[in-house]
Amino acid sequence: MSAPTQTLPEVDTRPEGTETTGDDTPKMFHYVRKDKVVESAVMGTMVVALCGEVFPVTKSAKPGSPVCPDCKKIYERMKA
Numbered sequence: 030m031s032a033p034t035q036t037l038p039e040v041d042t043r044p045e046g047t048e049t050t051g052d053d054t055p056k057m058f059h060y061v062r063k064d065k066v067v068e069s070a071v072m073g074t075m076v077v078a079l080c081g082e083v084f085p086v087t088k089s090a091k092p093g094s095p096v097c098p099d100c101k102k103i104y105e106r107m108k109a
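Sequential numbering from 30 applies to the sequence shown in this note's numbering.
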C-alpha cells in the first residue's frame, strides 16, 4: 500500500481485534483515524487502519503494546 500524498487527520492506535493471543489480547495494534474510534466503540462500526485492515474497535492499546509494522511505517511517513 502506498502512502497517501495528503496529511490525514490525527490518528491513534487501537486494537486490530481479529488475531488474538490465548487470553483474548490482540497480537498487535493498528493506527486508525481518531475521530472514528469512539464511533466504532459505541456503534460497533468498522474502522480502517492505515495499513488497510478493517475491524471494530474493541480494546485500547496500552503503552508498550506491539504496533502493526505497516501502520507504523505509513504513520512515520505522514509525520515527515
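Cβ coordinates follow ideal geometry from the N, Cα and C atoms, glycine included.
* Backbone CA spacing between Val76 and Cys97 [nearest angstrom] -> For this step, residue 76 is matched to residue 47 along the sequence shown. For this step, residue 97 is matched to residue 68 along the sequence shown. Between Val76 and Cys97, the C-alpha separation is close to 15 Å.
* Where does Val86 land, buried or exposed, given buried means 16+ other C-beta within 10 angstroms? -> Position 57 of the sequence shown, counted from the first residue, corresponds to residue 86. Buried.
* Should Ala109 go down as buried or exposed, given a rule of 16 or more other Cβ atoms within 10 Å for buried? -> Reading the sequence shown from its first residue, position 80 is the one you call residue 109. Exposed, because fewer than 16 other Cβ atoms sit within 10 Å of the Cβ of Ala109.
* Alpha-carbon to alpha-carbon, Lys91 and Tyr60 -> For the purposes of this step, residue 60 is identified with residue 31 of the sequence shown, where counting begins at 1. For the purposes of this step, residue 91 is identified with residue 62 of the sequence shown, where counting begins at 1. In a straight line, the C-alpha of Tyr60 is about 13 Å away from that of Lys91.
* Just curious, the beta strand (DSSP E) that Met75 is in, first and last residue? -> If you number the sequence shown from 1, residue 75 lands on position 46. Looking at the DSSP string, the run of the beta strand (DSSP E) that includes Met75 is 75-77.
* **Test item: CB-CB of Ala78 and Cys100 under 7 Å** => Taking the sequence shown and counting its residues from 1, one reaches residue 78 at position 49. Taking the sequence shown and counting its residues from 1, one reaches residue 100 at position 71. In this structure, Cys100 lies closer than 7 Å to Ala78 by Cβ.
* Report all residues from its chain with a CB closer than 8 Å to the CB of Thr74; omit the five preceding and five following residues, and keep chain order. => Position 45 of the sequence shown, counting from 1, holds the residue named residue 74. Here the set comprises Lys65, Glu68, Pro85.
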